[in-house]
Amino acid sequence: MRWILLAAALLATPAEASWTPISLSNEVTLRAVAVVDAKTFHVAGSKGTHAVTEDGGKTWRNLAPTDGAALDFRGVATPGPRTTVLMSAGDGPAGQARIYRSSDAGKTWTLAFETKLPGSFLDAVAFRDARRGFVLGDPIDGRWFLLTTSDGGRTWTRLEGAAVEKGEAAFAASNSALFVGPKKDVWIVSGGLAQGRVFRSRDDGKTWTVTETPIAGGSTSGLFGGFAVGARAVIVGGDYKDELRSGPNLALTDGRTTTIPPNDGTPRLIEGVGRLDATTLLAVGPRGTSFSPDNGRTWHQSDTEALHAISCLRKTCVAVGAKGKVAVWTPPGKLSSIE
1417 MRWILLAAAL LATPAEASWT PISLSNEVTL RAVAVVDAKT FHVAGSKGTH
1467 AVTEDGGKTW RNLAPTDGAA LDFRGVATPG PRTTVLMSAG DGPAGQARIY
1517 RSSDAGKTWT LAFETKLPGS FLDAVAFRDA RRGFVLGDPI DGRWFLLTTS
1567 DGGRTWTRLE GAAVEKGEAA FAASNSALFV GPKKDVWIVS GGLAQGRVFR
1617 SRDDGKTWTV TETPIAGGST SGLFGGFAVG ARAVIVGGDY KDELRSGPNL
1667 ALTDGRTTTI PPNDGTPRLI EGVGRLDATT LLAVGPRGTS FSPDNGRTWH
1717 QSDTEALHAI SCLRKTCVAV GAKGKVAVWT PPGKLSSIE
């Protein structure tokens, strides 16, 4: 079906750029987004939601799997123009840990993978290209539950994930607890311990290095997501029970050494990061957006817009949040075309 969209006012930022928020007309929390081109993007979240627009957000179609109405789709990826991979987060033994694949832009689906292992819970999906992808799940038997595909998501194989400490887990908040970098880089960020930790593999998940970061952790806190910037990564986090907790919430790491860049604005939970252009990064969370004009070396808060996840492609950035919110980043001097 098509959903009526509710437009909201533009938000001012120091650079005169802003988010143009739109709301889907239903009470869902969106946790994942994938941009295909400037007009086409997919959003996913609770209550079996998978919505697609092909006109920049003016109209939407709900294209979720018919048997997925009760699932929480916290991961979505588009490894090809018409290929979509949906990942549901939830209790595996209850049938909620699934991966679906569509080869016709979401019109029809196949169940590509399901696990009912005790303790199974899927957190994030990411693709390097049209064929190679990864899915992260919470640890089972002391290791990350890790899957890989080499055929665009048609089939999935379990890898031996890196060993974790007791209590360590990933947050399925922004579909970015696992993300990929250049060559064969794969990154995982974690919470649950006293400090957030970073796992980095340079060989597509065969071997890993792990480092503790200065971002504090705990049962509701730690690292929530990240984004690869060349040989390093921007990592973000905080505490979802105390979204304005003081202390660092954003860092740069090479997988061994972590630094805290200058970051003005309110200390707060940050959940996802995207690349707007060759030098500009955007970081979103439920208490506002920060931007970096220099590939993560310095950061500045731009607004207080509540968002959970972000995806960017060729200068088009789209973010999603609670209450069906979708927001498109509007460059300076460009008025929104959404009515």
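Under our numbering, the very last position in the sequence shown is 1755; numbers go up by exactly one each time. We put the beta carbon where it would ideally sit given N, CA and C, even for glycine. Given the structure is predicted, the values throughout are model-derived calculations rather than measurements.
Backbone secondary structure at residue i - three-state DSSP
{"i": "residue 1422", "result": "Legend: pLDDT at residue 1422 = 30, less than 50; position of this residue unreliable, no value from coordinates given."}
{"i": "residue 1535", "result": "coil"}
{"i": "residue 1644", "result": "strand"}
{"i": "residue 1555", "result": "strand"}
{"i": "residue 1508", "result": "helix"}
{"i": "residue 1738", "result": "coil"}
{"i": "residue 1417", "result": "For residue 1417, the pLDDT reaches just 33, beneath the cut-off of 50, and the residue's location in the model is therefore unreliable, although a value from the coordinates is still provided. In the structure shown, residue 1417 sits in coil (DSSP, three-state: anything other than H, G, I, E or B)."}
{"i": "residue 1747", "result": "coil"}
{"i": "residue 1637", "result": "strand"}
{"i": "residue 1656", "result": "coil"}
{"i": "residue 1715", "result": "strand"}
{"i": "residue 1726", "result": "strand"}
{"i": "residue 1664", "result": "coil"}
Proximity of residue i and residue j at Cβ, strictly below 9 Å
{"i": "residue 1684", "j": "residue 1661", "result": "yes"}
{"i": "residue 1757", "j": "residue 1605", "result": "Given a span of 1417 to 1755 for the chain in the structure shown, any question on residue 1757 remains unanswerable."}
{"i": "residue 1435", "j": "residue 1723", "result": "yes"}
{"i": "residue 1489", "j": "residue 1464", "result": "yes"}
{"i": "residue 1706", "j": "residue 1737", "result": "no"}
{"i": "residue 1733", "j": "residue 1704", "result": "no"}
{"i": "residue 1725", "j": "residue 1546", "result": "no"}
{"i": "residue 1569", "j": "residue 1524", "result": "no"}
{"i": "residue 1550", "j": "residue 1533", "result": "no"}
Distance, residue j Cα to residue i Cα
{"i": "residue 1622", "j": "residue 1587", "result": "22 Å"}
{"i": "residue 1756", "j": "residue 1615", "result": "No statement about residue 1756 is possible, as the shown extent of the chain runs from 1417 to 1755 and does not include it."}
{"i": "residue 1531", "j": "residue 1446", "result": "23 Å"}
{"i": "residue 1422", "j": "residue 1577", "result": "Per-residue confidence for residue 1422 stands at a pLDDT of 30, beneath the threshold of 50, marking its modelled position as unreliable; no derived number is given."}
{"i": "residue 1630", "j": "residue 1742", "result": "32 Å"}
{"i": "residue 1485", "j": "residue 1713", "result": "42 Å"}
{"i": "residue 1508", "j": "residue 1535", "result": "7 Å"}
Presumed contact (8 Å Cβ cut-off) between residue i and residue j, rounded CB distance
{"i": "residue 1699", "j": "residue 1666", "result": "6 Å"}
{"i": "residue 1652", "j": "residue 1642", "result": "6 Å"}
{"i": "residue 1479", "j": "residue 1504", "result": "Contact doesn't hold; Cβ gap of about 15 Å is too wide."}
{"i": "residue 1470", "j": "residue 1456", "result": "5 Å"}
{"i": "residue 1696", "j": "residue 1708", "result": "7 Å"}
{"i": "residue 1542", "j": "residue 1594", "result": "6 Å"}
Environment of residue i [buried if 16+ CB atoms lie within 10 Å]
{"i": "residue 1747", "result": "exposed"}
{"i": "residue 1554", "result": "buried"}
{"i": "residue 1610", "result": "exposed"}
{"i": "residue 1527", "result": "exposed"}
{"i": "residue 1702", "result": "buried"}
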